[in-house]
Ligand SMILES: [Zn+2]
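Numbering (the numbering used here), first residue to last: 1036 to 1241.
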């Protein structure tokens, strides 16, 4: 059996996942644990589809097993960013983790922005397309997570401050767009730009 999907369809699906995930977070307001599970699962699924779209757009630079590893990393990064709430609270209790009085450090959008800029000198010094690709998937997952959070709290641009919360549909549009922008940035920083085409994923199963 052959399954074909293209990155635009996966992107539309990712937008739908955001809407559904936010709805589930909304209807589970009375239960902290259910709300946290819905929110984190949405982050993870957004990271899953966002990672696939970015890898498709990079024109299959990575081998099959590496593509799977990249998607797994994207899911893990998307999900585990919220662990910093527990680290800052110095507690594994959810009630303490969500009542900390400041944005925890993994929610500083300065981190993925600096990493994105670092791709430029790293490419000059090390010239490793593989490292650039891994960094791009890593920062893409970071930015999608921060963008989802930004609709409630804005972007934390430590040490400069915090932006206003993003309007809801701007956040949805950004989450859908970030994998394409990440590919474009990767292309500009490593290849000096080039032709842009939507890619098609082909998964072969027995
Ligand atoms: Zn978060």
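Don't be surprised by glycine CBs; every beta carbon is placed ideally from N, CA and C.
Residue of the options minimising C-alpha distance to residue i
i, options, result
"residue 1302", "1191, 1060, 1088, 1149", "Summary: the structure shown does not reach residue 1302, with the chain confined to residues 1036 through 1241, and so no result is reported for it."
"residue 1169", "1147, 1183, 1186, 1189", "1147"
"residue 1085", "1069, 1110, 1181, 1194", "1110"
"residue 1043", "1213, 1224, 1226", "1213"
"residue 1130", "1070, 1181, 1092", "1070"
"residue 1174", "1154, 1092, 1061, 1204", "1154"
"residue 1047", "1064, 1081, 1061, 1063", "1081"
"residue 1202", "1184, 1124, 1219", "1184"
"residue 1151", "1176, 1189, 1062", "1176"
"residue 1166", "1083, 1092, 1101", "1101"
"residue 1178", "1061, 1065, 1116", "1116"
Reduced DSSP secondary structure (H/G/I, E/B, other) of residue i
i, result
"residue 1115", "helix"
"residue 1143", "strand"
"residue 1174", "helix"
"residue 1241", "A caution first: residue 1241 carries a pLDDT of 42, below 50, which makes its placement in the model too unreliable to give a value."
"residue 1197", "strand"
"residue 1077", "helix"
"residue 1191", "strand"
"residue 1063", "coil"
"residue 1094", "coil"
CA-to-CA distance, residue j to residue i, given in whole angstroms
i, j, result
"residue 1126", "residue 1059", "26 Å"
"residue 1172", "residue 1145", "16 Å"
"residue 1121", "residue 1222", "36 Å"
"residue 1199", "residue 1187", "9 Å"
"residue 1157", "residue 1216", "19 Å"
"residue 1149", "residue 1067", "33 Å"
"residue 1140", "residue 1119", "7 Å"
"residue 1072", "residue 1210", "20 Å"
"residue 1204", "residue 1182", "11 Å"
"residue 1159", "residue 1196", "31 Å"
"residue 1224", "residue 1189", "27 Å"
"residue 1056", "residue 1161", "40 Å"
"residue 1180", "residue 1113", "6 Å"
"residue 1192", "residue 1142", "9 Å"
"residue 1124", "residue 1135", "6 Å"
"residue 1164", "residue 1226", "9 Å"
"residue 1103", "residue 1206", "27 Å"
Contact test: residue i Cβ vs ligand 1 heavy atom, cutoff 7 Å
i, result
"residue 1133", "no"
"residue 1116", "yes"
"residue 1136", "no"
"residue 1184", "yes"
"residue 1142", "yes"
"residue 1180", "yes"
Any contact of the stretch 1049-1057 with the stretch 1069-1082, i.e. 3+ C-beta pairs under 8 Å?
yes
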